[in-house]
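J.: Quick note on the working numbering: the sequence shown kicks off at 459 and runs consecutively. Where a beta carbon is used, it is the ideal one built from N, C-alpha and C, also for glycine.
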Amino acid sequence: MKRLFFLICGLMLTASTTFAQGNYFVQPGDTLRIEVLEDSNLNRTVLVTPDGRFAFPFAGTLRASGRTVEQIRRSVIASIKDSFASEPTVFVSVAALRLPEEMEEEEPVTIDVYFLGEVNTPGLVSVEPGTTFLQGLSQAGGFTNFAATKRVQLRRTDSRTGQQTVTTINYRALSEGAALSRSIRLYDGDVILIPERRLFE
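1. In the DSSP assignment, what residue or residues form a beta bridge with I627?
2. With V504 as the anchor, note down where its alpha helix (DSSP H) starts and where it stops.
3. Could you work out which residue in G581, I569, D616, G635 is closest to V506 when comparing CA atoms only?
4. Is I569 helix, strand or coil by DSSP?
5. Could you round the C-beta distance between I585 and T568 to whole angstroms and report it? I think they count as a contact, below 8 Å.
6. What did DSSP end up calling L657 once you bin it into helix, strand or coil?
7. Three Cβ pairs or more, each shorter than 8 Å: is that satisfied between the segment 573-588 and the segment 533-552?
8. Under 6 Å Cβ to Cβ from E654, same chain only, skipping five residues before and after it: list those, please.
9. Please classify T519: is it buried, with 16 or more other beta-carbons within 10 angstroms of its beta-carbon, or exposed?
10. T590 and I530 - do their beta-carbons sit closer together than 8 Å?
11. What residues are listed by DSSP as bridge partners for T489?
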């Protein structure tokens with residue numbers, strides 16, 4: 459019975475993609491198919507991540523959430539055209555919609571963030587979903603006297619690909635009044651590493 463249910467869901471999703479090519483606004487969890495006529499090596503299927511973006515060669519990361527496939531197509535062209543002698547021909551389509559269970563999934567009550575290095579309370583800290591970097595840091599007991607506060611690292615691992623990204627944050631500048639360009643929201647499994655201060659740093 460369960461297999462029949464998933465089969466029906468799969469057929470519904472496949473049928474829905476025909477509709478999705480028009481005025482459908484792409485959402486996190488959707489899968490896009492992107493093809494570049496001039497270079498087939500760039501052709502690929504990409505997943506729209508929870509932050510509403512996707513990665514593409516020569517373009518870095520582009521926003522997809524809340525956009526139609528035509529808007530995404532134009533965005534890809536604008537981002538990669540400098541790598542071609544003339545404007546490339548790009549095709550974008552919705553290959554699959556996010557699964558119903560993903561749409562209905564509730565956020566966890568808490569998420570786990572790990573603090574390592576020169577912090578007074580290293581280890582696991584459970585925080586509420588939506589907690590920002592600065593809010594999370596305040597729950598770790600503050601820095602030790604040996605903390606390199608200009609080189610705080612936020613390490614995040616993509617659960618789907620296993621790829622890790624490292625963002626370096628100058629906490630000292632923030633404490634002196636500098637502003638973040640955007641609030642950095644923490645996600646489950648994030649690691650905040652505070653290195654040891656170097657001599658004369």
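T.: From the atom records:
1. Bridge partners of I627: V610.
2. Per DSSP, V504 is not a residue of any alpha helix (DSSP H); the beta strand (DSSP E) it occupies stretches across 502-505.
3. When C-alpha distances from V506 are compared across G581, I569, D616, G635, the shortest belongs to D616.
4. The answer is strand: DSSP assigns I569 an E or B state.
5. The identity of residue 585 in the sequence shown is Val, whereas the question assumes Ile. That pair is a contact at about 6 Å.
6. L657: coil per DSSP, three-state reduction.
7. No: the two stretches stay apart, fewer than three of their Cβ pairs being nearer than 8 Å.
8. Contacts found: E576, F604.
9. By the 10 Å Cβ count, T519 comes out exposed.
10. Their beta carbons are not under 8 Å apart, which means I530 does not touch T590 by this criterion.
11. Residue pairing of T489 in beta bridges, as defined by DSSP: L505, A554.
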